[in-house]
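For the protein sequence lines, the chains are P and B, in the order given. Using the working numbering, the letters of the first sequence correspond one by one to residues 62 to 375. Using the working numbering, the letters of the second sequence correspond one by one to residues 126 to 655.
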Amino acid sequence: MLAFIIRRCLTTIPVMLLVATGVFLLLKLTPGDPVGVILGPDASEDRRAALRDQLGLNDPLLQQYGRWLWDAAHGDLGDSLFLDRPVLTAIGQRAQPTLMLTAIAVVVTVLIGFPAGIIAAQNRGGWVDIGTMALAMIGISIPTFWLGLNLILIFGVKLRWLPVAGYKPLSAGVWESLQYLILPGITLGAAQAALLARMTRSMMLDVLNQDYVRTARAKGLIERRVVYAHALRNAMLPLINIVGLAVAALLGGAVVTEQIFNIPGVGRLLIQAIGRRDVPLVQGTVLVTAGIYVLVNLVVDIVCAALDPRVRQS
Amino acid sequence: MSGRDERTRRTIDRRAFMGLAAGAAALPLIGGRATLAAQDVPSGGHMKVAIIGEPPAVADAVFTTATVTNNVAQQIFEGLFAFDSKFNPQPMLLGDFEMSQDGLTFSGKIRQGAKFHDGSPVTAADVVASLKRWGAINGRGKLIFKRLDAISAPDTTTVKMTFKQPSGILPSFLARAEALITPAAVAEAAGEKQIPEDKLIGTGPYKFGEHKVDQYLRFVKFADYEPRSEEPDGLAGKRVPLLDTLDFVPVPEEAVRVDGLTTGEYHFADTVPADFSDQISNDPSLTALTVKPYYWYSPHFNKAQGLFTNPTLRQAVQLCFSQSEAMLAGFGKKEFVRFDPSVCGEETAWYSTAGAEAYDKPDLDKAKALLQEGGYKGETIRWLATKEYGYNFLMADYTKQKMEAIGMKVELVMSDWATLVQNRAKKDAYEIFLTGHSQYSHPATQPFNDPAWPGFWDNQEKDAVVDRMVAETDPTKLKAAIDDYTRLIWQQMPFVKCGDDFLLRGVRNEVKGYQNMPDWYFWNVGVENS
Numbered sequence: 062m063l064a065f066i067i068r069r070c071l072t073t074i075p076v077m078l079l080v081a082t083g084v085f086l087l088l089k090l091t092p093g094d095p096v097g098v099i100l101g102p103d104a105s106e107d108r109r110a111a112l113r114d115q116l117g118l119n120d121p122l123l124q125q126y127g128r129w130l131w132d133a134a135h136g137d138l139g140d141s142l143f144l145d146r147p148v149l150t151a152i153g154q155r156a157q158p159t160l161m162l163t164a165i166a167v168v169v170t171v172l173i174g175f176p177a178g179i180i181a182a183q184n185r186g187g188w189v190d191i192g193t194m195a196l197a198m199i200g201i202s203i204p205t206f207w208l209g210l211n212l213i214l215i216f217g218v219k220l221r222w223l224p225v226a227g228y229k230p231l232s233a234g235v236w237e238s239l240q241y242l243i244l245p246g247i248t249l250g251a252a253q254a255a256l257l258a259r260m261t262r263s264m265m266l267d268v269l270n271q272d273y274v275r276t277a278r279a280k281g282l283i284e285r286r287v288v289y290a291h292a293l294r295n296a297m298l299p300l301i302n303i304v305g306l307a308v309a310a311l312l313g314g315a316v317v318t319e320q321i322f323n324i325p326g327v328g329r330l331l332i333q334a335i336g337r338r339d340v341p342l343v344q345g346t347v348l349v350t351a352g353i354y355v356l357v358n359l360v361v362d363i364v365c366a367a368l369d370p371r372v373r374q375s
Numbered sequence: 126m127s128g129r130d131e132r133t134r135r136t137i138d139r140r141a142f143m144g145l146a147a148g149a150a151a152l153p154l155i156g157g158r159a160t161l162a163a164q165d166v167p168s169g170g171h172m173k174v175a176i177i178g179e180p181p182a183v184a185d186a187v188f189t190t191a192t193v194t195n196n197v198a199q200q201i202f203e204g205l206f207a208f209d210s211k212f213n214p215q216p217m218l219l220g221d222f223e224m225s226q227d228g229l230t231f232s233g234k235i236r237q238g239a240k241f242h243d244g245s246p247v248t249a250a251d252v253v254a255s256l257k258r259w260g261a262i263n264g265r266g267k268l269i270f271k272r273l274d275a276i277s278a279p280d281t282t283t284v285k286m287t288f289k290q291p292s293g294i295l296p297s298f299l300a301r302a303e304a305l306i307t308p309a310a311v312a313e314a315a316g317e318k319q320i321p322e323d324k325l326i327g328t329g330p331y332k333f334g335e336h337k338v339d340q341y342l343r344f345v346k347f348a349d350y351e352p353r354s355e356e357p358d359g360l361a362g363k364r365v366p367l368l369d370t371l372d373f374v375p376v377p378e379e380a381v382r383v384d385g386l387t388t389g390e391y392h393f394a395d396t397v398p399a400d401f402s403d404q405i406s407n408d409p410s411l412t413a414l415t416v417k418p419y420y421w422y423s424p425h426f427n428k429a430q431g432l433f434t435n436p437t438l439r440q441a442v443q444l445c446f447s448q449s450e451a452m453l454a455g456f457g458k459k460e461f462v463r464f465d466p467s468v469c470g471e472e473t474a475w476y477s478t479a480g481a482e483a484y485d486k487p488d489l490d491k492a493k494a495l496l497q498e499g500g501y502k503g504e505t506i507r508w509l510a511t512k513e514y515g516y517n518f519l520m521a522d523y524t525k526q527k528m529e530a531i532g533m534k535v536e537l538v539m540s541d542w543a544t545l546v547q548n549r550a551k552k553d554a555y556e557i558f559l560t561g562h563s564q565y566s567h568p569a570t571q572p573f574n575d576p577a578w579p580g581f582w583d584n585q586e587k588d589a590v591v592d593r594m595v596a597e598t599d600p601t602k603l604k605a606a607i608d609d610y611t612r613l614i615w616q617q618m619p620f621v622k623c624g625d626d627f628l629l630r631g632v633r634n635e636v637k638g639y640q641n642m643p644d645w646y647f648w649n650v651g652v653e654n655s
């Protein structure tokens, strides 16, 4: 098991290096001037040129890349051009909103996705199955921004049940904080819940057709025990993979949701950094997000390996 | 003549001059609602202002020219002067002051009771250090310091400036948010870098409290603030910090700013698209505010390289399209645009339409003739445009069609705004780009006067007339210089002034005492039941 973990950890290094290089080159190929955003529209050209020099933006590409990679390898992702603070500090300050939003979205995903998929599988071909899968299809198809804006309109503006936008940290109180995350959590989690429902249904149908399930039924076990104790346990393995991918996707998907709901998380930080051409911040944010993505996948692999010896042996 | 007499005389003269220029523009700035008398404005409480995004450099308006930073900065910083509601510079940190009639000497005394947020009194040394920083990095500051012979502090409360060339414009420049005064140690330590958050020490009615990037920028009441005695008038006069705390919340999504205003999440929403005006006006708990004057828009020609180095071709473009139609194409709602050829709003002292007879009078035959006369041979005209700002694309697209109708070949080079800003600085990258400029800035301070600014208007006649506008202390001669400047613009056509647009803001009705100037401020403002 230890050898498996070490092997998986080592494979993450080239992945991260590729991500870092790709992001750096893409950003350098993208036109745009961070200095214009920092100094405002009326700044003179000589002042812009001076700041470009000061920020090292006129250095050769290889020199900039080498410097950044060396610093990154030593845990220093540089300073944000716009925010005038270390990139890691800027990301750290926004970690809590994004993690909380993702956690709520995962809860929404799991609480809706699993039961919906199981119920649909149990009622295969019936109106419950058709209705659930139709809803799932709608959930997958609805654009996040459209769903978010409509939830704001209905539950924020019309009914006034929940705040329309913003964020309060946990230190302000659990409900104070949670009420700002319910609508964004549903917005973010809806598509993943729909996807999980479809996958769960599919997995469950596969398993429910297995011989050992028929045997269990033949032994006279009640249907609930057949489904939850026998079928679901065996369907879980691929579903853990799907939930793992969903967590990573939710972290990435938070970009749009945070923007709509004005949540000061990592996703919004990334969007703004791109608009401002804040290259170190974009690089740092993408690298950290990619790192979390890789880490989540690593954890999922390890969990799967722990649960299924066949994975370890492969 | 004593300082006080001189000040009084100048004020009267400037107001008479304003009367000539602005006519009966009595308080058009207070768009949509009257302000409550000071005694009706509640004291204490908390106010949340939704702004368009995180302000660059937080509140250091010397470091950046971004409008949002300037507006935020003026809540905590003050300058030697401040603009009244008609854009006349009035003393703010100064008591008595004197500008010699030849525009070569300026001296002023710091008003009694002026102190920084750290409790230390404002000294002339602080003013000198702050203005030196302004002169080193800010465009307008540099212009003044090029003309400056010496700046000194003869005693702890007196500031003296002497000039090599007349610089009558000085009070107008010093009234801008960027000419802010900080303790000398802060100004000297910051130099050309931005002032760190923990050193944002000013003299304004609010002081820096806390900054959580992307969440809020919190200012708190400066309890020891000693206001001026004059009645409030625009940014000038008495300033009273009534709120306990004032939060600026960056809300980049326009719809969210409006929704937050509707539900009471925010008390004030800055820069709301005109499409929301009915929604705000129809809500009994809100008031829609129109900001007049605000910005004007124009396609700028590249005058350094290519086709439009030829003024005849620039004239041809101006005559081939209707400037008012271009404005409507860009901004849609008629009540938010004004068709006007002046580069300064009619509410200001600098309004002029001299030489603008050709404004909004398209003449296709003449345009075609000019095209031929200018030697146009079907070359492709590259127009830098962006959809990031809707007006930018829509105005460009409308004008493109009109230019093509007289035989010009136009290619819209689309990109995001940051890329456009980068490309417009390259002399070989384009023929035209479109942008907006402030209607309430002194014409001498417009960025396009700088020959290095995109569009590259490098012209001796222009330099001479700008120099006159900077030098004049006499209002009549200043008015003549502004007329000549406007006439030159319509003669040389460095850009085509299309028209003005007005900005929409929304405010909740529990907010009292707010005066709607182009640059917002929240002293003398209170919130009921907050």
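No residue lacks a Cβ here, since even glycine has one placed at the ideal position from N, Cα and C.
Neighbour list for residue i in chain B, Cβ cutoff strictly below 8 Å
i: R286 of chain P; result: Chain B residues near R286 of chain P: none, gap ~49 Å exceeds 8 Å.
Proximal residues of chain P, C-beta to C-beta of residue i below 8 Å
i: W645 of chain B; result: In chain order: nothing, as chain P lies at least about 17 Å away.
C-alpha distance - residue i paired with residue j, whole-angstrom precision
i: P296 of chain B; j: F206 of chain B; result: 7 Å
i: G209 of chain P; j: A177 of chain P; result: 22 Å
i: G638 of chain B; j: K332 of chain B; result: 20 Å
i: A250 of chain B; j: P121 of chain P; result: 43 Å
i: T283 of chain B; j: F202 of chain B; result: 20 Å
i: G362 of chain B; j: T318 of chain P; result: 44 Å
i: L559 of chain B; j: Y422 of chain B; result: 7 Å
i: A184 of chain B; j: A315 of chain B; result: 13 Å
i: T473 of chain B; j: G117 of chain P; result: 42 Å
i: A550 of chain B; j: T91 of chain P; result: 17 Å
i: L154 of chain B; j: R259 of chain P; result: Only weak support exists for where L154 of chain B lies, its pLDDT of 37 falling under 50; the value from the coordinates is given anyway. Their backbone Cα atoms lie some 58 Å apart in a straight line.
i: L220 of chain P; j: Y241 of chain P; result: 15 Å
i: L509 of chain B; j: D553 of chain B; result: 12 Å
i: D243 of chain B; j: M539 of chain B; result: 49 Å
i: A348 of chain B; j: G329 of chain B; result: 11 Å
Residue i, buried or exposed, once every other Cβ within 10 Å from all chains shown has been counted against 16
i: E335 of chain B; result: exposed
i: C70 of chain P; result: exposed
i: H171 of chain B; result: exposed
i: N407 of chain B; result: exposed
i: V197 of chain B; result: buried
i: E378 of chain B; result: buried
i: V235 of chain P; result: exposed
i: R68 of chain P; result: exposed
i: G624 of chain B; result: buried
i: R236 of chain B; result: buried
i: A315 of chain P; result: buried
Residue i - containing alpha helix (DSSP H), residue span
i: R343 of chain B; result: It is not in any alpha helix (DSSP H) - R343 of chain B instead sits in the beta strand (DSSP E) that spans Y341 to K346.
i: G336 of chain P; result: V327 to G336
i: R382 of chain B; result: E379 to T388
Chain B contact residues for residue i, given Cβ-Cβ distances below 7 Å
i: Q154 of chain P; result: V338
i: F175 of chain P; result: Going along chain B, no residue has its Cβ under 7 Å from F175 of chain P, so there is no contact; the nearest lies around 32 Å.
i: V98 of chain P; result: P181 and A543
Amino acids of chain P, ordered along the chain, whose beta-carbon sits closer than 9 Å to that of residue i
i: W475 of chain B; result: In chain order: nothing, as chain P lies at least about 17 Å away.
i: S540 of chain B; result: P92 and G93
Identified DSSP bridge partners for residue i
i: S297 of chain B; result: DSSP output for S297 of chain B lists no bridge partner at all.
i: S423 of chain B; result: B:T560
i: D372 of chain B; result: B:K173 and B:R343
i: M224 of chain B; result: B:F231
i: F206 of chain B; result: B:P216
Residue span of the beta strand (DSSP E) that contains residue i, given as start and end
i: Q29 of chain P; result: No statement about residue 29 of chain P is possible, as the shown extent of chain P runs from 62 to 375 and does not include it.
i: M520 of chain B; result: Premise fails: M520 of chain B lies in the alpha helix (DSSP H), G515 to A530, not in any beta strand (DSSP E).
i: P216 of chain B; result: P214 to P216
i: W508 of chain B; result: T505 to A510
Under 9 Å (Cβ pairs) to chain A, residues found in the segment 496-522 of chain B
In the displayed structure, chain A is absent; the protein chains listed are P and B.
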